[in-house]
Ligand SMILES: [Zn+2]
């Protein structure tokens with residue numbers, strides 16, 4: 452546990468404000484800072500101008516495996532893993548950086564970011580818990596979010612093999628993962 456100091460506390464508040472700005476749910480703030488629930492609630496209302504949404508966090512891995520969602524999730528996770536390997540820092544700060552880069556990249560291709568910050572955070576937790584992993588596409592060589600037991604020799608990603616209903620182009624929005 453980090454020593455309680457004014458400096459630490461101000462760092463935690465800054466981090467919490469950044470997370471609120473990115474749209475993170477209150478549960479994320481509780482998990483990633485040592486600030487009390489009451490303080491986080493006050494901070495949330497002040498920064499977001501409204502009360503935080505209630506209810507459970509999504510806890511299923513299915514969302515990340517759906518076609519278009521999978522492409523977005525994979526893009527975010529590629530950026531996150533790259534940052535984690537190439538620079539030092541707390542995981543949460545890497546997630547913040549990765550999420551900003553992800554949003555910039557999808558907006559540059561005129562696609563709406565499908566992945567919320569909370570989803571991205573959840574994705575990293577699922578990977579840490581070995582409930583999801585990344586598998587290399589046997590056709591394009593890109594790395595994609597998959598179930599841990601995916602057979603890499605036969606795996607073909609959603610960009611190389613889009614579902615028939617999707618049509619070519621638009622929906623994938625020119626996103627590339629390699
Ligand atoms: Zn592919």
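Numbering (my numbering), first residue to last: 452 to 629. No residue lacks a Cβ here, since even glycine has one placed at the ideal position from N, Cα and C. Fair warning: this is a prediction, and the values are worked out from it, not measured in the lab.
- The residue from 614, 610, 571 and 613 with its alpha-carbon nearest to that of residue 510 is 571.
- For the pair of segments examined, the segment 545-565 was found not to touch the segment 492-502: the number of CB pairs separated by less than 8 Å stays below three.
- Residue 590 has its Cβ nearer than 8 Å to a heavy atom of ligand 1.
- With a 10 Å radius around the Cβ and a threshold of 16 neighbouring Cβ atoms, residue 529 comes out buried.
- Taking the CA atoms as reference points, residue 587 sits about 13 Å from residue 522.
- When distances are taken from the beta-carbon of residue 528 to the heavy atoms of ligand 1, even the shortest one reaches 8 Å or more.
- Measuring C-alpha to C-alpha distances from residue 584 to each of 539, 532, 538 and 543 identifies 532 as the nearest.
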